[in-house]
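Asker: Have a look at this one.
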Amino acid sequence: MKKWLVVLSVFVLAMVLAACGDGKDKDDPAPSTETDGKDAEEASDKELSFASAVLINSEGKSVGTAELTEEDNGVRVKVNVTDLPEGPHGYHFHEAGKCEAPDFESAGGHFNPTGASHGLEEKEGPHAGDLPNLEVGADGTVEDEFLAEHVTLESGKDNSLLQVGGTALVIHAGADDGKTQPSGDSGDRIACGIVE
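The opening position of the sequence shown corresponds to residue 82 in our numbering, with each subsequent residue numbered one higher.
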């Protein structure tokens, strides 16, 4: 009786092991590790879908960050800034990836690859780098998020923020009036961050 029990146990074990096979049909080809050009392009685009900027003030002290994420209709910009004067502040992408304190003039003019007029309210505008004003609270902080529809993070495009020479995000001392040429009468540059 024990002999039959051992044979039956071995048989059941063999059946269980056979049922636990790897599930691959021997005739199916092995999965390929190669990618076609489209997959590589999509992977490349995903690598370029995020950028950031660390904002510094005129003394070179970090006052916040901006996170940029590529979306279907532009670039989502999320800012978190501290130690700024209360009130509205013009905020723009500038044409050079340089933030030399104290005046940040090294960032150049507004990012404007199409040669448009300045201002979100301008008929022949806006500059690609024109953004809505930031409203800084009484505590000197602002957290805001908006979609910059005229820029991309995709390299090789004229309106890419990740171009050769770079771009910068600049906060101005006053509000951008949305129409005054060439920069919205927003005053001195008080914070700057290189888009990377």
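Glycine residues also receive a C-beta, built at the ideal position from the N, C-alpha and C atoms.
Quick one: Cα of D266 to Cα of G255, how far?
Answerer: Taking the straight line joining both Cα atoms gives about 8 Å.
Asker: Helix or strand or just coil, what does DSSP make of D106?
Answerer: Confidence at D106 is low in this model, with a pLDDT of 47, below 50, so its placement is unreliable and no value can be given for it.
Asker: Could you compute how far the alpha carbon of P110 sits from the alpha carbon of V158?
Answerer: Low per-residue confidence applies at P110: pLDDT is 46, beneath 50, and the placement is therefore not dependable enough to give any value.
Asker: Excluding sequence positions up to five away, which residues of its chain have a Cβ less than 8 Å from the Cβ of V144?
Answerer: Excluding sequence neighbours, V144 sits near L136, I137, N138, V162, T163, D164, L165 and A272.
Asker: Would DSSP call S187 helix, strand or coil?
Answerer: DSSP places S187 in helix when its eight states are reduced to three.
Asker: Tell me, to the nearest whole angstrom, how far the beta carbon of E167 is from that of A209; I am working on the premise that it is less than 8 Å.
Answerer: The pair is not a contact, with the Cβ atoms about 29 Å apart (cut-off 8 Å).
Asker: Is it true that the CB of A188 sits closer than 8 Å to the CB of V276?
Answerer: Cβ distance not < 8 Å, so V276 and A188 don't count as in contact.
Asker: Under three-state DSSP, which class holds P169?
Answerer: P169: strand per DSSP, three-state reduction.
Asker: Nearest-angstrom Cα distance between E122 and S241?
Answerer: Caution applies to E122, whose pLDDT of 45 falls short of 50 and renders its modelled position unreliable; the model cannot decide the point.
Asker: Report buried or exposed for E295, applying the criterion of at least 16 other Cβ atoms within 10 angstroms of its Cβ.
Answerer: Here the chain covers residues 82 to 277 and nothing more, so residue 295 does not appear.
Asker: Here's the rule: buried if 16 or more other CB atoms are within 10 angstroms of the residue's CB, otherwise exposed. What is D211?
Answerer: Looking at its Cβ environment, which holds 16 or more other Cβ atoms inside 10 Å, D211 is buried.
Asker: Less than 8 Å between the C-beta atoms of T150 and F131, yes or no?
Answerer: Closer than 8 Å, so yes.
Asker: State the CB to CB distance for the pair V160 and L215, rounded to an integer number of angstroms; the pair is presumed to be in contact (CB under 8 Å).
Answerer: Contact flag correct, Cβ pair sits at about 7 Å.
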